Amino acid sequence: GQLRKLEIETEAQILFRYAETASRAEDEFDPLEFDRFSHIQQLSRSLLESVSDLASIETLLQNLTRESETLLLQQSRVNTDLHEGLMRARMVQFAVLMPRMRRIVRQTCQELGKHVELRVLGAEGEIDRTVLDRIVPSLEHMLRNAIDHGIEPAKARRAAGKPEAGLVAIRTEREGSEIVIKISDDGGGLNLPAIRAKAIERGLVQEGAEITDNDVMQFILEPGFTTAQHVTQISGRGIGMDVVNNELKQLSGSLHISSTAGVGTTFTVRLPLTLSINRALLVHVGEELYAIPLTNIERIVQAGHKELEQGYQMDSPSYTLGERVYHLFHLGTVLGGTRPHSAGTRKKAPLLLARSHDHRVALQVDALLGSREIVVKSVGPQISTVRGITGATILGDGRVVLILDINALVRTGVSVANAVREAISGPLPGKLQITAMVVDDSITVRKVTSRLLERHNIQVLTAKDGVDAVALLQEHIPDVMLLDIEMPRMDGYELATHMRNEERLKHIPIIMITSRTGEKHRERAMQIGVNKYMGKPYQESELLENISALVGERIGVMH
Numbered sequence: 005g006q007l008r009k010l011e012i013e014t015e016a017q018i019l020f021r022y023a024e025t026a027s028r029a030e031d032e033f034d035p036l037e038f039d040r041f042s043h044i045q046q047l048s049r050s051l052l053e054s055v056s057d058l059a060s061i062e063t064l065l066q067n068l069t070r071e072s073e074t075l076l077l078q079q080s081r082v083n084t085d086l087h088e089g090l091m092r093a094r095m096v097q098f099a100v101l102m103p104r105m106r107r108i109v110r111q112t113c114q115e116l117g118k119h120v121e122l123r124v125l126g127a128e129g130e131i132d133r134t135v136l137d138r139i140v141p142s143l144e145h146m147l148r149n150a151i152d153h154g155i156e157p158a159k160a161r162r163a164a165g166k167p168e169a170g171l172v173a174i175r176t177e178r179e180g181s182e183i184v185i186k187i188s189d190d191g192g193g194l195n196l197p198a199i200r201a202k203a204i205e206r207g208l209v210q211e212g213a214e215i216t217d218n219d220v221m222q223f224i225l226e227p228g229f230t231t232a233q234h235v236t237q238i239s240g241r242g243i244g245m246d247v248v249n250n251e252l253k254q255l256s257g258s259l260h261i262s263s264t265a266g267v268g269t270t271f272t273v274r275l276p277l278t279l280s281i282n283r284a285l286l287v288h289v290g291e292e293l294y295a296i297p298l299t300n301i302e303r304i305v306q307a308g309h310k311e312l313e314q315g316y317q318m319d320s321p322s323y324t325l326g327e328r329v330y331h332l333f334h335l336g337t338v339l340g341g342t343r344p345h346s347a348g349t350r351k352k353a354p355l356l357l358a359r360s361h362d363h364r365v366a367l368q369v370d371a372l373l374g375s376r377e378i379v380v381k382s383v384g385p386q387i388s389t390v391r392g393i394t395g396a397t398i399l400g401d402g403r404v405v406l407i408l409d410i411n412a413l414v415r416t417g418v419s420v421a422n423a424v425r426e427a428i429s430g431p432l433p434g435k436l437q438i439t440a441m442v443v444d445d446s447i448t449v450r451k452v453t454s455r456l457l458e459r460h461n462i463q464v465l466t467a468k469d470g471v472d473a474v475a476l477l478q479e480h481i482p483d484v485m486l487l488d489i490e491m492p493r494m495d496g497y498e499l500a501t502h503m504r505n506e507e508r509l510k511h512i513p514i515i516m517i518t519s520r521t522g523e524k525h526r527e528r529a530m531q532i533g534v535n536k537y538m539g540k541p542y543q544e545s546e547l548l549e550n551i552s553a554l555v556g557e558r559i560g561v562m563h
């Protein structure tokens, strides 16, 4: 439309020019009947043709885009089919273990002179062949334990009114992307007083300490812990359970024990269906990106910052949803990094509600990036020993993201509750500690910088040029200024000079961020009194370090 207006204007000028000379000219022809076009009109016609060519190119590109999207969709279907085929090839039924399990039961019963019936439910369930091969020794050990120390002798069972034949049941079922294996017996249950006495003897718990029965049961998972008077070749309950527990942790699984005196004991094993591919939620904590398996997450909620601040102020930080109470932690604090920050411009914060056995926790993160299917990679011996890390994955853009073990982090978080309370006992509620003013004519730079600073508990004011910034400075005195040089109306040099000559503004630290990285521009900025000079594109960590150095200890919330 603009080119059409330009064409009309040029034609009107030609007509007007020739109209003035028409009285002197003898010809009676209209000037537009001849090739009496001016150069500007020729340019306007060329521009119009260029626009038409661009429209044609746009149409071609749209067609190519649609074809590419179709090809990508077809490729994703092929990938899905290939993935499902590979998974079917890797998956085997749990029933393939049953002959082996029954043989273990027969041999153990013969050695101990007991009569035990093995009942299997849900054996048709499928599990990754690699996972199945690795858990076989653990399952065998728990079966021997159940027969040796779970099932009572026939005389004791008759006295208790039970059938002489004991019952050991193996139940397998699928929950989401997990396989749950329950090994239960109808024996006498765990000897909790003996376990408590042994724990006191070994110094694992102080005498007289009040601990729940569930916590007492966990002591049998300690290395070398046993209450058996004589350790036989079969097993002593507790010996080897630490190995079983460690093996399950390496498989990203978990072990839970429940026992009732005189009724029996149940070991519940939770394992991923496959170790190679998993669905995970990507979360931002500070500047880091982490992956959390979806199987560990019960629910995701958005919580108000006032509600979170009230929760953090409690003696035992907690978050209540319905009738359930969750221990409240900031994931960055549990990982030893950033602490929770105030709202800034955001009204809600994402909370991950997770559960590990009897512990329920609400983990606050800074941002959610959605869920995706990830390929799990090993991280090597150096990082694999770090508590709370189960592996890593590589994103499409090449970034390496660590996969967190929420169960381990829950246990760690519960144990460091006092440290968390001390970490957040500072001036968290109330006014934000730092205010920064970002002055840049690029809306993209303003948005990106603002989001970065807000993630680190810094309140942000924005201005599109120096004149806008001067108006804002009449009402607000920021703790630090981030300036660009090239801006309309008033550039960065003029604004910095104005601030250094103004009594109420000259103390404000100034960081100049610009694409002009020449020495001449840097020297002029330093002569004016700019504190730091950075080039675009800047490193986020370098900007935060510069702000920390200029503002001082008040930036401590960033670390």
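Take 5 as the starting number for the sequence shown in my numbering and just add one per residue.
From the three backbone atoms N, C-alpha and C, an ideal C-beta is built for every residue, glycine too.
It should be emphasised that the depicted structure is a prediction, and the values quoted were computed from it without experimental measurement.
query, result
"Closest to G257 by CA distance: which of I515, L487, M491, T394 is it?", "T394"
"Which residue from V172, Y294, R364 puts its Cα closest to that of E327?", "R364"
"Does the distance from the CB of L604 to the CB of H288 come in under 8 Å?", "Nothing in the structure corresponds to residue 604, since the chain is present only between 5 and 563."
"Using DSSP's beta-bridge definition, name the partner residues of P354.", "Q306"
"Is the beta carbon of L136 closer than 8 Å to that of L101?", "yes"
"Considering only their Cβ atoms, is the gap separating R526 from Y497 smaller than 8 Å?", "no"
"The alpha helix (DSSP H) that contains L509, what's its start and end?", "No alpha helix (DSSP H) contains L509, which DSSP labels as neither H nor E."
"Under the DSSP definition of a beta bridge, which residues are partnered with I517?", "M538"
"Going by DSSP, name the residue or residues bridged to I398.", "V404"
"According to DSSP, is M105 part of a helix, a strand, or is it coil?", "helix"
"Could you check which residue in E549, E205, G193, V248 has the C-alpha nearest to that of I139?", "V248"
"Span of the alpha helix (DSSP H) holding V135?", "133 to 149"
"Which first and last residues belong to the alpha helix (DSSP H) in which K337 is found?", "Reading off the sequence, residue 337 comes out as Thr, not Lys. Unbroken alpha helix (DSSP H) run through T337: 335 to 338."
"For G444, count neighbouring C-beta atoms within 10 Å of its own C-beta (all shown protein chains included) and say buried if the count is 16 or more, exposed if not.", "Per the sequence shown, the amino acid found at residue 444 is Asp instead of Gly. Under this definition D444 is a buried residue."
"Can you tell me whether P385 is buried or exposed, with buried defined as 16 or more other CB within 10 angstroms of its CB?", "exposed"
"For the structure I just gave you, are there three or more beta carbon pairs, one from the region 114 to 132 and one from the region 74 to 87, closer than 8 Å?", "no"
"Could you say which of R70, L7, L19 lies nearest to S56 if we only look at CA atoms?", "L7"
"The alpha helix (DSSP H) that contains V220, what's its start and end?", "217 to 221"
"Going by DSSP, what residues sit across from N282 in a beta bridge?", "I378"
"Please determine, among I204, V534, R133, L357, the residue with the shortest C-alpha to C-alpha distance to L325.", "L357"
"Using three-state DSSP, classify S258 as helix, strand or coil.", "strand"
"Please report the residue range of the alpha helix (DSSP H) in which I532 lies.", "523 to 532"
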